[in-house]
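Heads up, the first sequence is in my numbering, so the first residue is 1 and it goes up one at a time.
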Amino acid sequence: MAHWLVKSEPDAFSWDQQVRNGTEPWTGVRNALAANNLKAMRQGDRAFFYHSNIGKAIVGVVEVAREAYPDPTDETGRWVCVDMRAVGPLPQPVTLAAIKADPDFADLALVRQSRLSVMPVSDAHWARLCTLGGWTRD
DNA sequence: GCCAACGTTGGC
DNA sequence: GCCAACGTTGGC
1 MAHWLVKSEP DAFSWDQQVR NGTEPWTGVR NALAANNLKA MRQGDRAFFY
51 HSNIGKAIVG VVEVAREAYP DPTDETGRWV CVDMRAVGPL PQPVTLAAIK
101 ADPDFADLAL VRQSRLSVMP VSDAHWARLC TLGGWTRD
């Protein structure tokens with residue numbers, strides 16, 4: 001099972017909204033690399049939910065509920081979205097500052113490509129971020 | 001609010 | 001097809 005990290009500005013769509021809605025289309029990705037990552041997601045894959053700009057921390061875990069399909073918010077029909085289901089909040093949010101302070105994460109896409117909104121996370125990074133976040137579930 | 005990074009657009 | 005101009009993202 002692959003792991004991912006997705007970003008959202010809480011002003012636009014927050015973790016609280018994700019939890020309230022349960023399952024929610026992950027729309028609005030308009031970047032080729034990020035879109036390719038969306039297309040590579042498989043049902044059941046887990047992703048970290050990261051708050052950009054405000055918070056700047058990984059705050060929760062979501063799961064791919066539906067694989068890539070045409071993004072209803074895209075009138076050109078060229079872009080895709082997936083459905084994400086809230087799994088649970090991280091007991092201890094992992095801040096960007098903490099990630100940057102840890103040399104193990106130097107090659108994490110979140111650090112290297114700050115503008116990428118959907119990115120893969122290696123199994124090793126996933127496990128370590130789970131530890132830091134106090135995430136003990138599957 | 002500023003600015004670096006970087007993707008996109010459009011003139012040539 | 002190149003590249004300057006411009007817009008957007010997101011950290012600080």
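Note that CB positions come from ideal geometry on N, CA and C, so glycine has one too.
What is the C-beta distance between residue i and residue j, in whole angstroms, given that I count them as a contact (C-beta under 8 Å)?
| i | j | result |
| --- | --- | --- |
| W15 | F49 | 5 Å |
| S2 | P91 | For clarity, residue 2 is Ala in the given sequence; the question names Ser instead. Not a contact, Cβ separation roughly 24 Å. |
Taking residue i as the reference, which of the options has the closest Cα?
| i | options | result |
| --- | --- | --- |
| S140 | T136, W135, L132, D107 | Because residue 140 is not part of the residues shown, which for the chain are 1 to 138, the question remains open. |
| P25 | A2, L129, W79 | W79 |
| K39 | A65, Y69, S52 | Y69 |
| P89 | T136, F13, A35, H125 | T136 |
| A12 | D71, H51, A34 | H51 |
| A65 | T76, G44, G77 | G44 |
Determine whether the beta carbon atoms of residue i and residue j lie at a separation below 8 Å.
| i | j | result |
| --- | --- | --- |
| V140 | R85 | Residue 140 falls outside the range modelled here, since the chain spans only 1 to 138, and no answer is possible. |
| V94 | L129 | yes |
| I99 | L116 | no |
| G55 | P10 | yes |
| V118 | V19 | no |
| T131 | T73 | no |
| A57 | L96 | yes |
How would you call residue i, buried or exposed, if buried means at least 16 neighbouring beta carbons within 10 angstroms?
| i | result |
| --- | --- |
| V82 | buried |
| G133 | buried |
| N37 | buried |
| S114 | exposed |
| D138 | exposed |
| R46 | buried |
| D71 | buried |
Quick check for students: name the residue ranges of the beta strand (DSSP E) that lie wholly in the region 89-130, counting only runs of 3 or more.
Unbroken beta strand (DSSP E) stretches of 3 residues or longer found wholly inside the region 89-130: 118-121, given in chain order.
Quick check for students: name the residue ranges of the beta strand (DSSP E) that lie wholly in the region 13-98, counting only runs of 3 or more.
With a minimum length of 3 residues, the unbroken runs of beta strand (DSSP E) contained wholly in the region 13-98 fall at 23-26, 46-51, 57-70, 80-95.
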